[in-house]
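Its first residue numbered 364, the sequence shown is counted upward by one per residue in our numbering. Take a look at the structure set out below.
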Amino acid sequence: QLVESGGGLVQAGGSLRLSCAASGRTFSTYVMGWFRQAPGKERDFVARITRSRITSYADSVKGRFTISRDNAKNTVYLQMNSLKPEDTAVYYCAAGTLKLGLVEYDYWGQGTQVTVAS
């Protein structure tokens with residue numbers, strides 16, 4: 364089970380930190396990802412972090428967002444700085460495994476709303 368928190372309303376240029384708490388003993392074995400879905404749009408990849416803490420980001424958030432994980436707390440974070448109105452979306456965390464070079468996400472959280480006011 365994945366539970367996101369930390370969303371809210373923020374002014375453009377501000378920051379938020381999202382958290383995703385996972386249950387279970389195998390958290391450290393999963394690739395953890397963040398996705399977002401804006402109204403009327405498809406769900407898009409934002410960032411992911413592997414078991415060995417290798418990170419990757421969507422071009423739209425590079426240099427502004429940072430993903431991290433704390434395996435002792437079964438939690439993955441998304442630090443979002445310099446937020447823009449176009450970052451407004453529901454943010455989801457997901458847990459997946461690497462299969463044939465691709466990440467297959469098996470578990471999803473319920474999402475947390477992030478709204479950036481201009």
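We put the beta carbon where it would ideally sit given N, CA and C, even for glycine. This structure is a prediction, so every number in the text was calculated from the model and none was measured.
Three-way DSSP call (helix, strand, coil) for residue i in this model
i       : result
Asp-450 : helix
Ala-435 : helix
Arg-427 : coil
Ala-401 : coil
According to DSSP, residues forming a beta bridge with residue i
i       : result
Ile-412 : Met-395 and Thr-418
Arg-388 : Its beta-bridge partners do not exist; DSSP assigns none.
Gly-371 : Val-477
Lys-462 : Leu-465
Ser-382 : Ser-368 and Tyr-440
Whole-number beta carbon distance between residue j and residue i, since they are thought to touch under 8 Å
i       : j       : result
Ala-503 : Tyr-470 : Only positions 364 to 481 of the chain appear in the structure, and residue 503 is not among them; the question remains open.
Cys-383 : Thr-438 : 7 Å
Phe-398 : Tyr-440 : No, Phe-398 and Tyr-440 are not in contact; Cβ-Cβ is about 15 Å, not under 8 Å.
Val-479 : Lys-447 : 6 Å
Ile-412 : Arg-432 : 5 Å
C-beta neighbour in chain D for residue i, strict 7 Å
i       : result
Arg-380 : Of the protein chains in this structure there is only one, and it is not chain D.
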